[in-house]
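Residue numbers for the sequence shown follow this note's numbering, so the first one is 58 and each next one is one higher.
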Amino acid sequence: MKEFLTKSLMADESGATAIEYALIAGGIAVAIITAVNTLGVDVAGLFGTVTDGFS
Numbered sequence: 058m059k060e061f062l063t064k065s066l067m068a069d070e071s072g073a074t075a076i077e078y079a080l081i082a083g084g085i086a087v088a089i090i091t092a093v094n095t096l097g098v099d100v101a102g103l104f105g106t107v108t109d110g111f112s
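Shown next, in the form of structure tokens:
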């Protein structure tokens with residue numbers, strides 16, 4: 058029984074898979090945050106230019 062339990066725990070890879078998915082999700086989140094920050098600065102500059110054009 059102990060041997061069966063040990064083998065079944067060693068063969069279980071669901072924890073490793075969950076960690077891999079978490080790392081992928083974290084990478085995607087970092088990419089999205091970086092893109093939003095970059096676009097935010099560009100859009101703010103564009104609005105400033107448009108506002109100056111109306112003045």
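Note that CB positions come from ideal geometry on N, CA and C, so glycine has one too.
**Report entry** Limits of the unbroken alpha helix (DSSP H) element including Ser112
**Finding:** First-last for Ser112: undefined, no H or E at that position.
Query raised in the report: What is the rounded straight-line gap between the Cα of Thr63 and the Cα of Ala79?
Result: 26 Å
**Report entry** Ala68 versus Val93 - alpha carbon distance
**Finding:** 41 Å
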